[in-house]
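A.B. asks:
There are 2 protein chains.
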Amino acid sequence: MAETGTRRLRADAEQNTARILTAAAEVLAADPLASLERIGEAAGLTRATVHRRFASRQALLEALTEQLDQRYLSALEQSRMDTAPPRPVFLRLTEILFELKVSHRFAMELMSAKSDCRSGLSPRVEEGLEQVFARLRSAGDITATGADWCRGVYLAVVHEVTQLPPDAPDLVAAGGSRAELVVRTVVGALGGTSQP
Amino acid sequence: MAETGTRRLRADAEQNTARILTAAAEVLAADPLASLERIGEAAGLTRATVHRRFASRQALLEALTEQLDQRYLSALEQSRMDTAPPRPVFLRLTEILFELKVSHRFAMELMSAKSDCRSGLSPRVEEGLEQVFARLRSAGDITATGADWCRGVYLAVVHEVTQLPPDAPDLVAAGGSRAELVVRTVVGALGGTSQP
DNA sequence: TTTAAGTGATACACAGCTGTTGCAGTTAAC
DNA sequence: GTTAACTGCAACAGCTGTGTATCACTTAAA
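As they're listed, the protein sequences go chains V and E. The first sequence maps to residues 1 to 196 in the numbering used here. The second sequence maps to residues 1001 to 1196 in the numbering used here.
1. Of all the residues that make up the stretch 153-167 of chain V, which are near chain E by a beta-carbon distance shorter than 8 Å?
2. So what's A1174 (chain E) in DSSP terms, helix, strand or just coil?
3. What residues from the stretch 1086-1098 of chain E come within 8 Å of chain V, judged by C-beta to C-beta, listed N to C?
4. Chain V beta carbons: is any one of them nearer than 8 Å to that of A1144 (chain E)?
5. Output yes if chain E places a C-beta closer than 8 Å to the C-beta of D170 (chain V); else output no.
6. Rounded to a whole number of angstroms, what is the C-alpha to C-alpha distance between V153 (chain V) and T1094 (chain E)?
7. Could you work out which residues of chain E lie near G176 (chain V), taking near to mean beta carbons separated by less than 8 Å?
8. Examine the Cβ distances between the stretch 1180-1187 of chain E and the stretch 1072-1092 of chain E and report whether three or more of them are shorter than 8 Å.
9. Got a sec, what are the start and stop residues for the alpha helix (DSSP H) P1123 (chain E) sits in?
10. Determine the contact status of A1174 (chain E) and W149 (chain V), defining contact as a CB-CB distance below 8 Å.
11. CA-CA distance, K1114 (chain E) and A1059 (chain E)?
12. With three or more C-beta pairs closer than 8 Å as the rule, is the stretch 1122-1129 of chain E touching the stretch 1067-1086 of chain E?
13. Please name the residue, chosen from E:S1138, E:Q1067, E:V1161, E:A1134, that lies closest to R1151 (chain E) on a Cα-to-Cα basis.
14. Roughly how many angstroms lie between the CA atoms of T1022 (chain E) and R87 (chain V), to the nearest whole one?
15. Sort V:L36, V:D12, V:E62 by Cα distance to H51 (chain V) and report the nearest one.
16. Roughly how many angstroms separate the alpha carbons of S1112 (chain E) and V187 (chain V), rounded to a whole number?
17. Look up A30 (chain V) in the DSSP assignment and say whether it is helix, strand or coil.
18. When you compare the CB positions of T17 (chain V) and R53 (chain V), do they come within less than 8 Å of one another, or not?
19. Who are the near neighbours of D1170 (chain E) in its chain, counting only those whose CB is closer than 7 Å to its CB and skipping five residues on each side?
20. Restricting to Cα atoms, I'd like to know which of V:R184, V:A63, V:I96, V:L129 is closest to V157 (chain V).
21. Under a Cβ-count criterion, where at least 16 other Cβ atoms within 10 Å of its own Cβ denotes burial, should V1132 (chain E) be classed as buried or exposed?
22. So, I20 (chain V) versus A34 (chain V), is the Cβ gap smaller than 8 Å?
23. Among V:Q163, V:L45, V:A189, V:L97, which one has its Cα closest to the Cα of A144 (chain V)?
24. Nearest CA to the CA of E41 (chain V): which residue from V:P165, V:A24, V:A30?
25. Is V183 (chain V) helix, strand or coil by DSSP?
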């Protein structure tokens, strides 16, 4: 949403918008209230440049959530929900999320006020997640029925697992795989058995 | 921590500090960045008065967390961990938390930066929680071993359940008891069975 | 190589929150 | 009933972050 009406951006400018988005994701994940100054610094640019690429802080946040949304969607597509059995799909989806190093929490915290849907995710992503849980339920992996509830528990567990140090005993017990720990925990939490 | 070195406060002043703390808990739960102006307004007082009772925003937050800590501790004591079997203890503890209408999340978010322990809770409360989970583990209710992991999942689930509307299907399925849903979910998440 | 686009640096206005002070009016405490 | 404490109101200074504008310099693009 940076600039889509006027002319084409110069190559370096476009590269800088990407830099800013990357830096913003990183910095805001650590501190959701970080100033544009710090974000620009992390991107190796000046605050003025940040303002040139994004009209306002608001605009930057929107672009960031849009990018996040795209990644969620791509993860949902890559996990091939329609063909594979649900639990491996769920695991694969979670693995992709961790590979993308997506830190969602800052979005949840800040976007909830102005976003129309309360999760901070786009309706399409919510819908995709809902399908995953619906398939898990059909397969008997979980018993929980509420879409909001399933999604909320899932995101919360992802967040907790992200906080975990690499040598945490429960993480080691899951073979060192954060995604595996997430799946076990969420499936258990939502009324299934933690054994596959 | 309001004023403990000088003289005794006048009755109305002391009452106002309590009002401020109550209002702060309520307002900050909804918006962790709310200004002292709004907090004072919610307490029916002026911002100046807020500053008279608490030297700084920092001091107010500290007093608030201390109060929160006291309530956690009292809940831990009331749940009689030593005598009763662990799962009812866990349920009772959670019930007390909900009765107290404690909204912990804002503390987690804001205190983590300056607090020495990463959970934002005092060491004594952390220790008490750890004991609860240790007893649950001994009784075979859960299999998870990490104290941080158990506590993190517990607080996250409590937060999620708090967000749930009263008519959420999964809440109804738990008999309408938020505490019951928390216990089922946490026990399941941490490697136990959701059936008592 | 020429040109237009982009950046860095700097300065400025503006808004919101914090913390402090002074004063007049009210209220608890003795 | 008197006194000391407390509050409301208002004003002030200070800080931080945002958003805008200008100018000289650098760089991609034709």
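Where a beta carbon is used, it is the ideal one built from N, C-alpha and C, also for glycine.
C.D. replies: If we stick to the structure as given:
1. Listed by position along the chain: V153, A156, V157, H159, E160, Q163, L164.
2. coil
3. none
4. yes
5. yes
6. Approximately 17 Å between the Cα atoms of the pair.
7. Near G176 (chain V) there are no residues of chain E at all, since even the closest Cβ is about 14 Å away, more than 8 Å.
8. yes
9. 1123-1138
10. no
11. Low local confidence applies: a pLDDT of 42 at K1114 (chain E) is under 50, so the model's placement there is unreliable, with the coordinate-based value given in what follows. Roughly 13 Å between the two C-alpha positions.
12. yes
13. E:A1134
14. If you take the alpha carbons of T1022 (chain E) and R87 (chain V), they lie about 45 Å apart.
15. V:L36
16. Because the pLDDT at S1112 (chain E) is just 44, under 50, the model does not fix this residue reliably, and the point stays unresolved.
17. helix
18. yes
19. L1181
20. V:R184
21. buried
22. With respect to A34 (chain V), I20 (chain V) sits apart: the two C-beta atoms are not nearer than 8 Å.
23. V:A189
24. V:A24
25. DSSP places V183 (chain V) within a helical segment (H, G or I) once states are collapsed to three.
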